Amino acid sequence: MSYKPFFTFCIIITLFSCKSEHKFIINTPKKIQTNTELTISVSEKNNKPIDSVQFSVDDKKVNGNLTSAKLKINDFKLGKHQVTAIVFYENKTSKITETVYFLADSAPEIYTYKIINTYPHDREAYTQGLEFFNGFLYEGTGKKGSSSIRKVELKTGKVLQQKDLSEQYFGEGITIFNGKLYQLTWQAGIGFVYDLNTFEQEKSFKYTKSREGWGLTHNGEKLIKTDGTEFIWFLNPETLVEESYIEVYTNERKVEKLNELEYVNGLIYANIWQQNTILIVNPNSGKVEGVANLTSLKTIIEKEQKLDDADEVLNGIAFDKENNRLFVTGKHWEKLYEIVLIKK
Numbered sequence: 002m003s004y005k006p007f008f009t010f011c012i013i014i015t016l017f018s019c020k021s022e023h024k025f026i027i028n029t030p031k032k033i034q035t036n037t038e039l040t041i042s043v044s045e046k047n048n049k050p051i052d053s054v055q056f057s058v059d060d061k062k063v064n065g066n067l068t069s070a071k072l073k074i075n076d077f078k079l080g081k082h083q084v085t086a087i088v089f090y091e092n093k094t095s096k097i098t099e100t101v102y103f104l105a106d107s108a109p110e111i112y113t114y115k116i117i118n119t120y121p122h123d124r125e126a127y128t129q130g131l132e133f134f135n136g137f138l139y140e141g142t143g144k145k146g147s148s149s150i151r152k153v154e155l156k157t158g159k160v161l162q163q164k165d166l167s168e169q170y171f172g173e174g175i176t177i178f179n180g181k182l183y184q185l186t187w188q189a190g191i192g193f194v195y196d197l198n199t200f201e202q203e204k205s206f207k208y209t210k211s212r213e214g215w216g217l218t219h220n221g222e223k224l225i226k227t228d229g230t231e232f233i234w235f236l237n238p239e240t241l242v243e244e245s246y247i248e249v250y251t252n253e254r255k256v257e258k259l260n261e262l263e264y265v266n267g268l269i270y271a272n273i274w275q276q277n278t279i280l281i282v283n284p285n286s287g288k289v290e291g292v293a294n295l296t297s298l299k300t301i302i303e304k305e306q307k308l309d310d311a312d313e314v315l316n317g318i319a320f321d322k323e324n325n326r327l328f329v330t331g332k333h334w335e336k337l338y339e340i341v342l343i344k345k
């Protein structure tokens, strides 16, 4: 029996076991509020020497000393960020990364509401989008086989004009911009553009980054879209490409299932699916600046009709900018309410 191969194998094992491997660790908080200075450092698991470290957050380089750095993050958007460290040691380099979540710098303001007026609303309308324009309500309804876009008379709730979608589509949010009506579909990955006056479809567009369509509004420059996550997307109205996004966070956590949207005096108002709540979101940072609890509004309407708690929830926000009026309704609600929000 030859022992040479066995002896060679043992030598290889010994060499590998003696090899000096560095294991670097980025020391950073997992979550941090943006009014707090971010401190990051790198250490080696077995306290082996490090020559220096080059830090960055996303694409922004961070100045520091040999193995640590500090960064003010109050100008960053909220949500997920990547901390990168390039470690220099023994004439070598090693790149390591860590994820950090930036949270809002303060808790949201809490709002209640007051009902100003009550109007009739089509109980058959599974409301997915709501808009007020030139004295009329425009509504997008959902569910396959009953999805549509509508022009509605405010005081009577009468449907003045309607175009139904093909049965293959589940209609979602709508908005009106530059004489066009835009409508999303839920899971088909496609949206439609209509002539506002005739409701004739002019073109369709595909979602470029998000997978689903939920809510839709605009800020006068960009279309603004939700997809059921914590993301709010900003679309170029000409190309309909999702060019940028914000992530919606409070001072404690992200807020998911963002649904119907409305742009109100420079802020984004958003429904949350299955919750009778309106969030007031900063469109630049993603910070939840306010929360309006409208649960008792659902209680009021339940005195007149029975609702499915899991489905027939608040979902519809429209703003009359000229007269500073805010309207809300829900899926299959037989009433539409004009309300004012009151800060507690």
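This note's numbering applies: residue 2 is where the sequence shown begins, and numbers increase by one. Beta carbons are placed, not taken as given, at the ideal position from N, Cα and C, and that holds for glycine. Predicted, not measured: the structure shown is a model, and the values here were computed from it.
Helix, strand or coil at residue i [DSSP, three-state]
i	result
Leu295	coil
Ile301	helix
Thr209	coil
Lys345	coil
His122	coil
Arg254	coil
Phe7	Below a pLDDT of 50, predicted positions are generally treated as unreliable, and Phe7, at 47, falls in that range; no measurement from the model is reported.
Ala189	coil
Lys73	coil
Phe200	coil
Glu231	coil
Ser245	strand
Ile51	coil
Ser44	strand
His333	coil
Thr35	coil
Lys288	strand
Lys223	coil
Thr240	coil
Asp60	coil
Leu327	strand
His82	strand
Asn272	strand
Asn277	strand
Leu308	coil
Leu217	strand
Asn283	coil
Beta-carbon proximity list for residue i, same chain, < 7 Å, skipping 5 on both sides
i	result
Leu16	With a pLDDT of only 41 at Leu16, under 50, the local geometry of the prediction cannot be trusted, and the value read off the model is given with reservation. Here the set comprises nothing.
Lys144	Tyr127, Phe171
His122	Gly158, Thr330, Trp334, Glu335, Lys336, Leu337
Ser57	Val63, Thr85
Gly146	Glu168
Ile117	Glu339, Ile340, Val341
Ser149	Thr142, Gln163, Lys164, Asp165, Leu166, Gly172
Close Cβ partners of residue i (< 8 Å) along its chain, the five nearest in sequence each way excluded
i	result
Gln162	Arg151, Lys152, Phe200
Val292	Pro109, Glu110, Ile111, Tyr112, Thr278, Ile279, Leu280, Ile281
Own chain residues within Cβ distance below 6 Å of residue i, not counting five before or after
i	result
Trp274	Lys258, Asn260
Lys20	Its pLDDT being 47, under 50, Lys20 is placed unreliably in this model, and the coordinates cannot settle the point.
Lys332	Tyr127, Thr128, Glu313, Asn316
Residue of the options minimising C-alpha distance to residue i
i	options	result
Asn36	Gly229, Lys322, Ile74	Ile74
Ser53	Ile225, Asp165, Thr230, Tyr90	Tyr90
Ile301	Val292, Asn277, Ala311	Asn277
Val282	Phe232, Lys115, Asn66, Val43	Phe232
Gln202	Ala271, Ile111, Ser167	Ser167
Leu241	Ser205, Ile111, Lys299, Leu155	Ser205
Lys288	Glu132, Thr94, Tyr270	Tyr270
Ser347	Asn325, Ser149, Ile51, Leu79	It is not possible to answer for residue 347, since the shown part of the chain is limited to 2 through 345.
Asp228	Arg326, Thr68, Val101, Gly214	Gly214
Gly192	Gly65, Asn325, Gly216	Gly216
Asp106	Lys304, Glu290, Thr296	Glu290
Tyr114	Ile279, Thr68, Asp309, Glu323	Ile279
Gly130	Pro284, Asn47, Thr186	Thr186
Gly190	Lys93, Thr209, Asp196	Thr209
Thr68	Ser44, Asn252, Glu239	Ser44
Glu132	Leu197, Pro284, Glu263	Glu263
Arg326	Lys207, Asn135, Gln306, Leu79	Asn135
Phe137	Val160, Glu99, Asn266	Val160
Pro238	Lys226, Ile247, Val249, Thr230	Lys226
Gly120	Asp309, Asp60, Lys156, Asp76	Reading off the sequence shown, one finds Tyr at residue 120, where the question assumed Gly. Ranking Asp309, Asp60, Lys156, Asp76 by Cα distance to Tyr120 puts Lys156 first.
Lys32	Val265, Lys322, Leu295, Glu253	Glu253
Cβ-based burial, residue i [other Cβ within 10 Å; buried from 16]
i	result
Val341	exposed
Ala70	buried
Gly221	exposed
Asn316	buried
Lys345	exposed
Asp312	exposed
Ser211	buried
Ile175	buried
Ile318	buried
Ile26	exposed
Glu38	exposed
Gln188	exposed
heavy atom of the ligand FMN below 6 Å from residue i C-beta
i	result
Leu185	In the structure shown, the ligand FMN is absent, as is every other ligand, since no ligand is present at all.
Please go through the segment 109-190 and give each complete beta strand (DSSP E) segment of 3 or more residues, from N-terminal end onward.
-> Within the segment 109-190, the complete beta strand (DSSP E) runs of at least 3 residues fall at 110-121, 128-134, 137-142, 149-153, 160-165, 172-178, 181-186.
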